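Numbered per our numbering, the sequence shown spans residues 512 to 984.
A virtual CB, placed ideally from N, CA and C, is assigned to each residue, including glycine.
These figures come from a predicted structure and were not determined experimentally.
Input: a single structure, listed below in structure tokens.
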Amino acid sequence: MFGDTLAGGLDRRSFLRQAVGGAAAFGFGASALNFAWPARLFAQEPGERPKRSDGVTVVNPRGRVPLSFIIDDSTCLVNLNRFAMPQFAVATGNRKTYNDAWRKWPAEIPDDFVRKFGNWCGEHGVKGKYSVVPYPACVGRLDRELPGWTDAEVKASIDLVRTLMLPGWDIHPEMITHTWAIDTKTGHPFPEKSMNFAENWGWSVGKSADELTDYFVYALNILKNVGLPCEGVTTPGGFGGRSLVSLSKATLDSCRDVFKTEIPHYFRHLYDRGDESVAPRVEYAADLGGDDPKCVVSIIGCTGDWTGGWDCSDRGFVDKFITPNLKSGRMVEVIERGEPACIVCHWTGIYFNGEEVGFKVFQEAVRRLHARYDHLLWMKLSEIARYWAAKELTTIAKVDNRIEFAAPFACPAFTVKFAADERARPNVGNGDKTILLKEVDTMLALEPGTFVRQGKDVVCCFNLMKGRSLVTW
512 MFGDTLAGGL
522 DRRSFLRQAV
532 GGAAAFGFGA
542 SALNFAWPAR
552 LFAQEPGERP
562 KRSDGVTVVN
572 PRGRVPLSFI
582 IDDSTCLVNL
592 NRFAMPQFAV
602 ATGNRKTYND
612 AWRKWPAEIP
622 DDFVRKFGNW
632 CGEHGVKGKY
642 SVVPYPACVG
652 RLDRELPGWT
662 DAEVKASIDL
672 VRTLMLPGWD
682 IHPEMITHTW
692 AIDTKTGHPF
702 PEKSMNFAEN
712 WGWSVGKSAD
722 ELTDYFVYAL
732 NILKNVGLPC
742 EGVTTPGGFG
752 GRSLVSLSKA
762 TLDSCRDVFK
772 TEIPHYFRHL
782 YDRGDESVAP
792 RVEYAADLGG
802 DDPKCVVSII
812 GCTGDWTGGW
822 DCSDRGFVDK
832 FITPNLKSGR
842 MVEVIERGEP
852 ACIVCHWTGI
862 YFNGEEVGFK
872 VFQEAVRRLH
882 ARYDHLLWMK
892 LSEIARYWAA
902 KELTTIAKVD
912 NRIEFAAPFA
922 CPAFTVKFAA
932 DERARPNVGN
942 GDKTILLKEV
952 DTMLALEPGT
962 FVRQGKDVVC
972 CFNLMKGRSL
982 VTW
């Protein structure tokens with residue numbers, strides 16, 4: 512369906528690049544990371560959009576560029592791909608890509624490394640998404656038993672994720688096993704061992720939204736049982752690539768069902784090169800003026816995995832993120848466009864069988880990014896999703912020196928720009944409360960409750976309340 516002469520780049524998992532046959536079986540071109548998905552594959556169901564007055568622009572939160580770190584293939588204790596590799600080999604008919612290297616890999620990624628990684632990220636303000644595969648590679652369920660580890664060890668590992676990671680990270684199930692598809696009626700893998708019954712390949716093809724919702728609910732409930740809240744999901748490998756509308760709707764329905772999530776989100780896509788927008792896509796927006804507004808947000812990554820890969824097959828490529836002279840690289844391209852820049856990696860490559868190759872690559876990339884820029888804002892995926900939902904779905908009406916907002920969702924640090932003369936001193940009214948915004952000298956000083964002048968424009972930052980708000984000056 513798509514020839515490999517297409518340029519530009521994307522899909523989201525590095526192993527699809529190596530699983531050529533699996534990609535071809537779906538009609539994907541010969542190298543899943545070396546062609547651009549046609550835009551129509553991303554044009555799912557946007558839903559409702561409000562009318563907007565001219566003259567008001569919603570800009571990035573606090574006028575900064577959001578960053579996030581997306582970690583795939585992570586879970587508690589289990590070195591996922593050490594166990595996944597032989598299952599991938601069976602599914603693909605013992606393709607040479609999936610060799611015996613896994614036999615030398617450790618079975619565990621220890622909590623000491625999770626603690627080291629989480630503490631470093633906390634010290635440097637890094638936020639993002641951390642997958643917790645609920646039934647990793649069919650080794651065992653986190654809410655029942657994980658053979659090879661004691662109950663106390665599993666509980667301690669889950670507690671570490673809850674206390675150390677949760678404050679700055681969204682937790683996602685990366686489907687159920689990341690390998691064989693599970694029959695949710697029995698809780699066991701389907702008997703057939705082929706690509707058609709592997710999460711990473713064919714199982715999701717042609718599935719309805721209801722069928723995928725059932726599958727997602729199963730995964731989410733395992734994490735709920737161990738006290739890990741989720742506002743979104745991540746797809747493994749090619750999961751959902753030919754069921755995108757169902758995938759989007761299933762994310763919305765399952766997260767609302769299990770966790771009562773107000774704004775569900777999911778990670779499925781990335782563009783690692785080219786000019787295609789990597790801004791989040793707000794989908795299935797509905798009932799914006801009612802008591803129960805709905806939407807789901809697709810978060811799009813902007814890099815390949817240049818931190819060592821899911822299979823520890825390379826030593827990383829930090830210069831692809833940002834070069835030593837700080838002047839180029841994929842992150843520079845996206846940041847200069849002002850779009851959220853979401854780095855993508857695999858936890859197994861971050862740990863790199865104890866060598867921590869990917870972690871070192873990421874640390875250097877962060878150092879370079881902060882050396883180049885002073886206007887970056889690390890955010891969780893759920894925070895980015897909320898901001899984009901408010902940005903696209905809030906009704907904005909400007910008349911003379913007043914702007915009325917009707918917001919289906921509350922949003923911290925909501926930031927808008929509009930023309931106003933030098934005498935303007937904006938204030939924000941929410942219900943019975945009116946706040947006079949404080950003027951600051953620079954965009955870098957902008958925070959909720961302040962405004963800054965930019966020539967003939969004013970940029971205001973305030974905490975947008977759900978319902979009606981009013982900016983006057």
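Beta-carbon contacts of residue i that lie in its chain and below 6 Å, excluding the five residues immediately before and after
i      : result
Ile810 : His776, Phe778, Pro791, Leu892
Asp654 : Ile733, Asn736, Val737
Arg524 : With a pLDDT of 44 at Arg524, under the threshold of 50, the modelled position of that residue is not reliable, and no figure is offered here.
Thr905 : Phe916, Ala918
Asp725 : Thr695
Glu664 : none
Ala600 : Tyr609
Trp613 : Arg593, Met596
Ser585 : Tyr641, Ser642, Trp858
Where the beta strand (DSSP E) through residue i begins and ends
i      : result
Gly940 : 938-941
Gln555 : Here Gln555 belongs to no beta strand (DSSP E), and DSSP marks it neither H nor E.
Val716 : Here Val716 belongs to no beta strand (DSSP E), and DSSP marks it neither H nor E.
Val923 : Here residue 923 turns out to be Pro, not Val, going by the sequence shown. 922-930 is the extent of the beta strand (DSSP E) around Pro923.
Tyr495 : As displayed, the chain neither begins before 512 nor continues past 984, which places residue 495 out of reach and without an answer.
Val970 : 968-975
Pro577 : 576-583
Phe916 : 913-918
Gly639 : 639-642
Thr983 : 978-983
Val744 : 743-745
Phe778 : 776-781
Counted within 10 angstroms of its Cβ, other Cβ atoms place residue i as buried (16 or more) or exposed
i      : result
Ala547 : Note on Ala547: pLDDT 40, under 50, position unreliable in the model; no value is reported.
Leu544 : Unreliable positioning characterises Leu544 in this predicted model, as indicated by a pLDDT of 32, which lies under 50. The coordinate reading is nonetheless provided below. By the 10 Å Cβ count, Leu544 comes out buried.
Leu947 : exposed
His881 : exposed
Asp816 : buried
Ser839 : exposed
Asp764 : buried
Asp822 : buried
Asp803 : exposed
Lys967 : exposed
Glu656 : exposed
Gly639 : buried
Pro658 : exposed
Pro835 : exposed
Asn711 : buried
Arg841 : buried
Gly785 : exposed
Glu773 : buried
Glu703 : exposed
Ala930 : exposed
Ser759 : buried
Leu955 : exposed
Gly533 : Below a pLDDT of 50, predicted positions are generally treated as unreliable, and Gly533, at 33, falls in that range; no measurement from the model is reported.
Expected contact under 8 Å - CB spacing of residue i and residue j to nearest Å
i      : j      : result
Pro647 : Val589 : 4 Å
Val625 : Leu671 : 6 Å
Glu794 : Pro557 : 6 Å
Val843 : Gly574 : Not a contact, Cβ separation roughly 19 Å.
Gly801 : His857 : That belief does not hold up - the Cβ atoms of Gly801 and His857 are roughly 41 Å apart, past 8 Å.
Ile814 : Asp783 : Looking at the sequence itself, residue 814 is Thr, so the reference to Ile does not match. Contact flag correct, Cβ pair sits at about 5 Å.
Ile582 : Ser642 : 6 Å
Ser754 : Val728 : Not quite, the Cβ-Cβ distance comes to about 16 Å (not below 8 Å), so this is no contact.
Pro851 : Ile914 : Wrong, their Cβ atoms sit about 25 Å apart, outside the cutoff.
Val650 : Phe594 : 6 Å
Arg879 : Ile833 : 5 Å
Lys928 : Val570 : 5 Å
Asp681 : Gly633 : The pair is not a contact, with the Cβ atoms about 15 Å apart (cut-off 8 Å).
Cutoff 7 Å; reference residue i; Cβ partners in own chain excluding five residues on either side
i      : result
Pro921 : The amino acid occupying residue 921 in the given sequence is Ala; Pro does not appear at that position. Excluding positions up to five away in sequence, the list reads Leu975, Met976, Lys977.
Leu799 : Glu559, Pro561, Leu904, Pro919
Thr818 : Gly827, Cys856, Gly860, Ile861, Gly869, Val872, Phe873
Ser757 : Lys718, Ser719, Ala720, Leu723
Phe863 : Gly819, Cys823, Gly869
Residue i: first and last residue of the uninterrupted alpha helix (DSSP H) it sits in
i      : result
Asp681 : It is not in any alpha helix (DSSP H) - Asp681 instead sits in the beta strand (DSSP E) that spans 680-683.
Leu671 : 662-671
Cys632 : 622-634
Lys507 : Given a span of 512 to 984 for the chain in the structure shown, any question on residue 507 remains unanswerable.
Leu591 : 591-602
Sequence-distant residues of the same chain with beta carbon closer than 8 Å to residue i, five excluded per side
i      : result
Glu875 : Val829
Thr945 : Asn938, Val939
Lys831 : Thr814, Gly815, Trp817, Gly840, Arg841
> Going along the chain, which unbroken runs of the beta strand (DSSP E) with 3 or more residues stay wholly within the stretch 821-877?
Replying inline: When DSSP assignments are scanned along the stretch 821-877, the uninterrupted stretches of beta strand (DSSP E) that are 3 or more residues long and fall wholly within it turn out to be 852-857.
> What are the uninterrupted segments assigned as beta strand (DSSP E) that are 3 or more residues long and contained completely in the stretch 792-825, given in chain order?
Replying inline: Counting only runs of 3 or more, we get 792-797, 805-812.
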